[in-house]
Amino acid sequence: MKDDYILIVDDELPIREMIHTSLDMAGFQCLQAEDAKQAHQMIVDQRPALILLDWMMPGGVSGVDLCRRLKRDENLSEIPVIMLTARGEEDHKVQGLDAGADDYMTKPFSTRELVSRIKAVLRRANALSGEKTIDANGLVLDPVSQRVSFGNSILDMGPTEYRLLAFFMTHPERAYTRAQLLDQVWGGNVYIEDRTIDVHIRRLRKVLEPYGADRYVQTVRGTGYRFSTRADVALG
1 MKDDYILIVD
11 DELPIREMIH
21 TSLDMAGFQC
31 LQAEDAKQAH
41 QMIVDQRPAL
51 ILLDWMMPGG
61 VSGVDLCRRL
71 KRDENLSEIP
81 VIMLTARGEE
91 DHKVQGLDAG
101 ADDYMTKPFS
111 TRELVSRIKA
121 VLRRANALSG
131 EKTIDANGLV
141 LDPVSQRVSF
151 GNSILDMGPT
161 EYRLLAFFMT
171 HPERAYTRAQ
181 LLDQVWGGNV
191 YIEDRTIDVH
201 IRRLRKVLEP
211 YGADRYVQTV
221 RGTGYRFSTR
231 ADVALG
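The structure is reproduced here in structure tokens:
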């Protein structure tokens, strides 16, 4: 893991140093930034393997703002982000994940759990970062550019819907429960409700609907969802 640079973004030096020490002991190399402006420059220059990003920071740009900016940048959007915050309410978790965060930890947290979460997020990111383009009956996902297209049209979707679609397209023809999707797409330690899956499924289908590809994301009664392009598979 010596080449896995982790960028720690937090305006509180003691917290940065505590995390830095723990990650160093776990075999990671770390970079530190105290605000969003400094962090963005380091992300552009250093391209860390993962970003630990505090929600509240000085300077008028919050961690969520920076996360959204990164996920809109096609050159930086693939870098996974774990949000760190003292806010534990459900709506704040959903807001952070909707901004494109890959995971979410509420302070105070165990450094052992943090290391475990980092390793899990990196594994998921690596699993979804293959370079082979996937074509499902005209719906094309390019993992290098992280673009989804149908014909000559580029589909505009949020980072969470992209990750969900990427998982579906790399694991077709199998039914997954909501709990399995939460574990595979968000990580098993992200404490959000199962209904959140339904919200993102609806958003994904809405994006795919103009191209007739919404039928590929199928409801399986009593189970959850599957991705299938087979015409003989009935929707639930």
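Each residue of the sequence shown is one higher than the one before, starting from 1 at the first, in UniProt numbering.
The beta carbon of each residue, even a glycine, is placed where N, CA and C say it ideally should be.
Helix or strand or just coil, what does DSSP make of residue i?
| i | result |
| --- | --- |
| G224 | strand |
| A166 | helix |
| G33 | The residue you asked about is not Gly; residue 33 is Ala in the sequence shown. Strand, per DSSP. |
| D103 | strand |
| T160 | helix |
| V115 | helix |
| V9 | strand |
| V121 | helix |
| V217 | strand |
Is the beta carbon of residue j closer than 7 angstroms to that of residue i?
| i | j | result |
| --- | --- | --- |
| D65 | D10 | no |
| L204 | L141 | no |
| I6 | Q32 | no |
| M105 | I134 | no |
| R174 | I197 | no |
| L139 | A213 | yes |
| F167 | Q146 | no |
| H40 | C30 | no |
| M157 | V207 | yes |
Starting from residue i, trace the beta strand (DSSP E) both ways and give me its first and last residue.
| i | result |
| --- | --- |
| I51 | L50 to D54 |
| F150 | R147 to F150 |
| L181 | First-last for L181: R178 to L181, but that is the alpha helix (DSSP H), not the beta strand (DSSP E). |
If you draw a straight line from the alpha carbon of residue i to that of residue j, how long is it in whole angstroms?
| i | j | result |
| --- | --- | --- |
| L155 | P14 | 43 angstroms |
| A136 | T229 | 7 angstroms |
| R112 | K119 | 11 angstroms |
| R215 | E34 | 46 angstroms |
| G224 | V199 | 13 angstroms |
| M56 | T160 | 22 angstroms |
| K107 | A86 | 5 angstroms |
| E12 | Q180 | 36 angstroms |
| R195 | G96 | 16 angstroms |
| A125 | Y211 | 28 angstroms |
| W186 | E17 | 27 angstroms |
| S110 | H171 | 33 angstroms |
| T219 | R72 | 30 angstroms |
| R47 | N152 | 31 angstroms |
| V217 | L182 | 16 angstroms |
Could you check where the alpha helix (DSSP H) with residue i kicks off and where it finishes?
| i | result |
| --- | --- |
| V199 | R195 to L208 |
| D73 | From DSSP, D73 is part of no alpha helix (DSSP H); its letter is neither H nor E. |
| D142 | Note, D142: premise wrong, no alpha helix (DSSP H); beta strand (DSSP E) at L139 to D142. |
| L84 | Looking at the DSSP string, L84 is not in any alpha helix (DSSP H); the run it does join, the beta strand (DSSP E), is V81 to T85. |
| residue 287 | Outside the shown range of the chain (1 to 236) lies residue 287, about which nothing can therefore be said. |
| T21 | L13 to M25 |
Our contact map puts residue i next to residue j with C-beta atoms below 8 angstroms; I'd like the distance itself, whole angstroms only.
| i | j | result |
| --- | --- | --- |
| L52 | L84 | 6 angstroms |
| L70 | V81 | 7 angstroms |
| G100 | R68 | 7 angstroms |
| R226 | Y176 | 7 angstroms |
| D103 | R117 | 5 angstroms |
| Y162 | V144 | Actually they do not touch by this definition, with Cβ atoms about 13 angstroms apart. |
May I ask whether a heavy atom of the ligand MN can be found less than 6 angstroms away from the beta carbon of residue i?
| i | result |
| --- | --- |
| L13 | Judged by which ligands are present, the structure shown has none, so any question about the ligand MN falls away. |
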